[in-house]
Amino acid sequence: MQSAIAPEILDDIVPRLASEGFNINCLSVDIDIGDFQAAVARALEWHKTVIRRPSGDDRNRTVDTIRTITRKLHEHQDVYAQQVLNVLGLGSTSYRPSVAQFNGVALAALDELYTHYSLMRTPDSQAWFSNLTLLEKISADDVYTFAKKRRAFEGYDKLVHSNGERAVASAAVHVLAKTVAELSITGPHSFEQILDEILPSDTDAKKMTLARVKPAFSRDEFMRFRKWCWFDEEELSIETVCQILKFLLDDAQEAGIDPRNPEEAESWMDLIEGYPDPNNVADFLCTVKLFTDFHRETLENRLPWDQAAHKARHRMIAAEQRLGNNILDEL
């Protein structure tokens, strides 16, 4: 049965199976196959009805995230849109949806869009997705094929099995943005009007947006801080380092991010555009990794700030030397 389940979906349901006493990494030889298959069936049904159809705050966050990315794609801010897509994780947080929640709502929105609207002309998918890579075009074509038949949500398992959850997420919002744009060009309704009808936003939802926080330090200080993080421990005084780390803490708290939780390090993507010329995402997130370790040392181990800063820096450099370009896997 496992072979028929996409790896990403299997990852989603593993905790559910574990709660019923089935550890798929070390199943007992005398396991009752019938009981196991029934547990898998229940976990998949839970995935289809709960995860793919989020409600309440989970749905509000998901809808807002899809709307944000769709707008950015429409405005040709592809890099910004990709940054938001990149931080979708296996599980949801108080600030962003899981990739499964995102896909469920996005695919259902496409079904609704193609149910209530008709394109006045047949789009050229090659032109629609000309800015995508070959693999991205394949995923987008797959999603578009299901969407125009109003079967995108129904085809969730097939799409994820063929393309992977993250590829489906990217494809779904690209198809959504292109379709809404085409309808706004050929019909009486604007892009925003169509988006509001298909994905009405809850204005009270905790939004997943970038650049809400304005930094309290200069570009020069930030660049020197990065140099201190990676290369030159003598670049800044420890007093200045601690001051910048405190600014990072204040910014995180203002943005609603818990810096004590290492799993929320990726949520700092929310702050990226608020800092002066952060160079690139990986570098910035590694700096955040340093800060997360630093804050944990001061909070849990009660080290003085200067000792905690040095310890976190050395730990990050050791991880970088061990993992190379895969250091973000530890975030």
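For the sequence shown, the residue numbers in our numbering are 300 to 630.
Where is the CB? At the ideal position from N, CA and C, for every residue including glycine.
Values in this document were obtained by computation on a predicted structure and should not be read as measured data.
Membership of Ala451 in any alpha helix (DSSP H) is not indicated, and neither H nor E is assigned to it by DSSP.
DSSP, read as helix, strand or coil, puts Ser397 in strand.
No Cβ-Cβ contact shorter than 8 Å links Ala342 with Arg360. Gln381 is positioned such that its CB atom lies no closer than 8 Å to that of Ser391.
For Val339, the enclosing alpha helix (DSSP H) covers residues Ile332 to Trp345. Going by beta carbons, Asn462 and Ala470 fall inside the 8 Å limit.
In this structure, Gly403 and Arg351 form a Cβ contact; the two beta carbons are roughly 3 Å apart against a cut-off of 8 Å. Approximately 6 Å separates the beta-carbon atoms of Glu481 and Leu418; this is inside 8 Å, confirming the contact.
Note on geometry: alpha-carbon atoms of Gln376 and Arg366 lie some 13 Å from one another. Val472 and Gln606 have their alpha carbons spaced roughly 45 Å apart.
With 16 or more other CB atoms across the displayed protein chains lying within 10 angstroms of its CB, Asp410 is buried. Annotated as proximal: Leu387 and Ala468, with beta-carbon spacing under 8 Å.
Val339 is classed as buried because its beta carbon has at least 16 other beta carbons within 10 Å across all chains shown. Within its own chain, the residues whose Cβ lies closer than 8 Å to the Cβ of Leu431, once the five positions on either side in sequence are excluded, are Ala439 and His473, listed in chain order. DSSP links Gly388 through a beta bridge to Ser397. Counting along the chain, the unbroken alpha helix (DSSP H) around Asn359 starts and ends at Gly355 to His373. Look at Glu481 here: in three-state DSSP terms it is helix. DSSP, reduced to helix, strand and coil, places Asp329 outside both helices and strands of the structure shown, so it counts as coil.
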